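What follows is a set of notes on a single structure, which appears directly below.
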Amino acid sequence: MKNLGILGTLVALSTFACGGQKEGGDDPAAAASVASAASTANSAGVRLERASRQVETGDKVAEARAELATLVASPELSATEKDDAALWLSRAYELEGDKEKAISTIEVLLASHGNSNTFAKAEEADQRLRKLLTGDATSRFAQDDENRDPVAPIASAFIKYFPKNAGGLYDVTVAMIGRGVHDSDRLGTFAIGEAIRRSADRACPLCEKPKVHSGRHGHGSWTSIPGARGAEIDRSLAVFYYDQQDGRIPARYDALLPMPTAEIEKRLASGDGFVAVKERPNAPPVVLVAAPRWSQLATVEEAFSKLTAIPAEPFTVKVPNALMPREIQSVVRGGFDKMRGCYEQLTKRDPKAQGKFVLAFKITGEGRIDDVRADDATTLKDAAFGTCMVEHAKTLVFPASRAKGDTTVRYPIEFSP
């Protein structure tokens, strides 16, 4: 089968899911264990404290190093304590002049957590490896906000819902349902973990950096709601995206939303989008981002992302009526299989056929396609191929819009064997 390429910038609208791994702490059952087991665990903790103090003061480093080498694999310590032991073991090796073992100990620690950078000692381990290999623990980009992930002003308003836990960790989890997940990443609307870090940097640039675990669960459709309930929706900042195309959330799930779907539909009938936030007891709030068409969700969220306080009432956003490029692109790409068939028929007659076919057409306010033809910029000129392309293009159906007049489109498609 031949490949069909497209000229111009494309927007990938794929569904994805990201799951955050939480730092594994002490098992609650262990706290209720027998006294002898508790005594043993406490003993291991005391040994870790003593060995770390020896390394810090440079006293009996060889003895401390041997003790730490045992403790890093001790089942009596929590995951975080074992990570701490590994960091001190690396320092002990460095004091003894064994830089290679100091480095490899940190590499093993980082590898044990896979691709996660959310464990409690992640930043400390990162800085130590950087210092051992470059001589400087601080990345030259560490304090440069322009080179860090985007953080929208509204993200800081959500910090209050994620207080530091008993272990000194900010555990930030966000569950997102719907088609707006990609735009959220671009805008940094719910980049709360990074907002916590930057807030701490501004308050005290020289202080120890906060320990933040940021977990996000992204789902492209409301059909993920049953599986996301519980650990995700019920205990995270829950964000729902709603549109009147494929993004209509059934009334069955009204209890999860800031308002009933009937009220959502009533508000969207005006043609405007909006954001609503609902407080929840003992959990972060629920956020609803709604628009008549899915492509307008980005406009709504962008306006919301610029706020500095969470609105107490639904926040209305004017959205563009005309079809957006991503909507047009999505529909045309949906017809690629049929258009590819046109090209395959052409290559049976001319195996080396290649070039550009530019579809020219108009879209009415009701979403109908009209005046379809091959634009003069077309380079792949074959009568039968052109007729096939035009006939398939005539079957495309676009979203209805409130735009006055027709939308004129020129859509270049590149074909090659």
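Heads up: the sequence shown runs through residues 5 to 421, numbered per my numbering. We put the CB at the ideal spot given by N, CA and C, even for glycine. These numbers were taken from a predicted model, which means no experiment stands behind them.
On the three-state DSSP scale, how would you describe Gly-338?
helix
For a quick check, are the C-beta atoms of Ile-181 and Phe-244 less than 8 Å apart?
For Ile-181 and Phe-244, yes; Cβs fall inside 8 Å.
Locate the alpha helix (DSSP H) running through Pro-157, then write down its first and last residues.
157–161
Using a Cβ-Cβ cut-off of 6 Å (strictly less than) and excluding sequence neighbours within five positions of Trp-298, which residues of its own chain qualify?
Arg-183, Asp-247, Gln-249 and Gly-251
In this structure, does DSSP put His-117 in helix, strand or coil?
coil
Which residue from Asp-276, Lys-168, Arg-134 and Lys-282 puts its Cα closest to that of Ala-259?
Nearest of Asp-276, Lys-168, Arg-134 and Lys-282 to Ala-259, Cα basis: Lys-282.
If contacts are defined as beta-carbon pairs under 8 Å, then Pro-3 and Val-279 qualify, I think. What distance do you get, rounded to the angstrom?
Look at the range of the chain in this structure, 5 to 421, and you will see that residue 3 is not part of it.
At which residues does the alpha helix (DSSP H) containing Asp-379 begin and terminate?
Secondary structure note for Asp-379: it is in no alpha helix (DSSP H), with a DSSP letter that is neither H nor E.
Please go through the segment 53–115 and give each complete alpha helix (DSSP H) segment of 4 or more residues, from N-terminal end onward.
65–75 and 83–99
Note down, in chain order, each residue of its chain lying with its Cβ closer than 6 Å to the Cβ of Asp-341, except the 5 sequence neighbours on either side.
none
If you follow the alpha helix (DSSP H) that Phe-389 is part of, which residue opens it and which one closes it?
387–397
Measure the C-alpha to C-alpha separation of Ala-179 and Gly-234 and round it to an integer number of angstroms.
11 Å
Cβ atoms of Ala-48 and Leu-75: under 8 Å apart, would you say?
Contact flag set, yes.
State whether the segment 369–389 contacts the segment 401–410, with contact taken as three or more CB pairs (one from each stretch) at a distance under 8 Å.
Enough Cβ pairs lie closer than 8 Å, so yes.
Which residues in the same chain as Lys-64 place their Cβ atom closer than 6 Å to its Cβ, once the five residues preceding and following it in sequence are excluded?
Within its own chain, the residues whose Cβ lies closer than 6 Å to the Cβ of Lys-64, once the five positions on either side in sequence are excluded, are Gln-58, listed in chain order.
In three-state terms, what does DSSP make of Met-328?
coil
If we ignore side chains and look at the alpha-carbon of each, how far apart do Thr-303 and Pro-285 end up?
30 Å
Can you tell me the Cα-Cα spacing of Ser-94 and Pro-288, whole angstroms?
Rounded to whole angstroms, Ser-94 to Pro-288 spans 39 Å at the Cα level.
Comparing alpha-carbon positions, which option in Ile-332, Gly-359 and Asp-380 lies nearest Ala-397?
Of the candidates Ile-332, Gly-359 and Asp-380, the one whose C-alpha sits nearest the C-alpha of Ala-397 is Ile-332.
Would you kindly report the start and end of the unbroken beta strand (DSSP E) that includes Ile-417?
411–420
Have a look at Leu-8 and Gly-345 and give me their C-alpha separation to the nearest angstrom.
In this predicted model, Leu-8 has a pLDDT of only 40, less than 50, meaning its place in the structure is not dependable enough to derive any value.
Nearest to Lys-360 by CA position, among Ile-373, Lys-352, Ala-378 and Asp-354, is which residue?
For Lys-360, the closest alpha carbon among the candidates Ile-373, Lys-352, Ala-378 and Asp-354 is that of Ala-378.
Can you name, in chain order, every residue of its own chain whose Cβ lies under 6 Å from the Cβ of Trp-92, other than the five neighbours on each side?
Ser-56, Val-59 and Leu-72
Between Lys-215 and Leu-173, which are expected to be in contact by the criterion C-beta below 8 Å, what is the C-beta distance as a whole number of angstroms?
With a contact defined as Cβ atoms closer than 8 Å, Lys-215 and Leu-173 qualify at about 5 Å.
Please go through the same chain and pick out, in chain order, the residues whose beta-carbon is closer than 7 Å to the beta-carbon of Thr-412, but skip the five residues on each side of it.
Cβ within range, chain order: Lys-366.
Excluding the five sequence neighbours on either side, which residues of its own chain have a C-beta within less than 6 Å of the C-beta of Ala-89, listed in chain order?
Leu-52, Leu-72, Leu-75 and Val-76
Between Tyr-246 and the ligand NAD, is the CB less than 7 Å from at least one heavy atom?
No copy of the ligand NAD appears in this structure; indeed no ligand is present at all.
Start and end of the alpha helix (DSSP H) containing Thr-320?
First-last for Thr-320: 319–321, but that is the beta strand (DSSP E), not the alpha helix (DSSP H).
Scan the segment 228–314 and note each continuous alpha helix (DSSP H) run of 4 residues or more that stays entirely inside, going in chain order.
229–232, 265–272 and 301–309
Report back the beta-carbon spacing between Ala-232 and His-217 to the nearest angstrom; my notes put them in contact at under 8 Å.
Ala-232 to His-217, Cβ: 19 Å. No contact.
Please classify Asp-153 as buried or exposed, where buried requires at least 16 neighbouring CB atoms within 10 angstroms.
exposed
Determine which residues share a DSSP beta bridge with Ala-179 and list them.
His-221 and Ala-242
In three-state DSSP terms, what is Ala-3?
No information on residue 3 is available, as it lies outside the stretch 5 to 421 that the chain covers here.
Using the rule of at least 16 other Cβ atoms within 10 Å of the residue's Cβ for burial, across every protein chain shown, is Ser-188 buried or exposed?
buried
Going by CA-CA distance only, name the one from Val-293, Ala-156 and Ser-240 that's closest to Leu-311.
Ala-156
Using CA coordinates, which residue listed in Leu-363, Ala-295 and Ile-268 is at the minimum distance from Pro-324?
Ala-295
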